[in-house]
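Positions 20 to 169 (this note's numbering) are the ones given, in order, by the sequence shown. Built from N, CA and C at the ideal position, the CB exists for glycine as well.
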Amino acid sequence: MGMGSMGSPGTSRRRGARRAMRHRPVAEINVTPMVDVMLVLLIIFMVSAPMMTVGVPLDLPESTAKPLSSQTEPLTLSIRKDGSIYLQDQQVEFDALVDTLLGVAENGYEERIFVRGDKDVDYGSIMKVMGAMNRAGFKKIGLVSTEELQ
């Protein structure tokens, strides 16, 4: 009686058992790659977040007042050095300002409006714009400045 190609009858079972023990699936989750990906995403968002600010580039005056906290995003009206007026990021003529505000304001006359004026713009120009908005019925108008460095 010759032996088969597998050797003795009990060895094939042992070899299979050893293979199964060597290549068992690992029940632990390796979190290192996930942490690496999260750190890379954190760095990407930290670098790109300041670049996502939308608006007209202005050199705002400084103030020691505390920032306001709010749940809704107000309308932003910007006045550049040359006197041009922007609502959000669209240029608006002074004569069409109130009509444009009424068309854009979701809350009507109760809409909050932040006025951003370049520090080199004529104070009279800012007051002219704020006066026109006030005469039209908008009462929640605020001025925006940057935090004063000491």
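A Cβ-Cβ separation of about 5 Å places ILE98 in contact with VAL140 under the 8 Å criterion. Under DSSP, THR95 takes part in a beta bridge, and its partners are PHE133. Under the three-state reduction of DSSP, GLY127 is assigned to helix. Its Cα nearest to that of PHE157, the residue VAL117 stands out among ALA46, HIS42, VAL117. With a 10 Å radius around the Cβ and a threshold of 16 neighbouring Cβ atoms, ASP101 comes out exposed.
DSSP, reduced to helix, strand and coil, places VAL163 within a strand of the structure shown. Burial is judged here by how many other beta carbons sit within 10 angstroms of a residue's own beta carbon; SER144 has at least 16 and is buried.
Collapsing the DSSP output to three states places VAL117 in a helix.
The Cβ-Cβ distance between LEU120 and LEU106 falls below 8 Å.
LYS159 is not a Cβ neighbour of GLU125, given a cutoff of 8 Å.
Rounded to whole angstroms, LYS138 and THR165 show a C-alpha spacing of 10 Å. Closest in C-alpha terms to LEU162, from the list ALA115, MET65, ILE132, comes ILE132.
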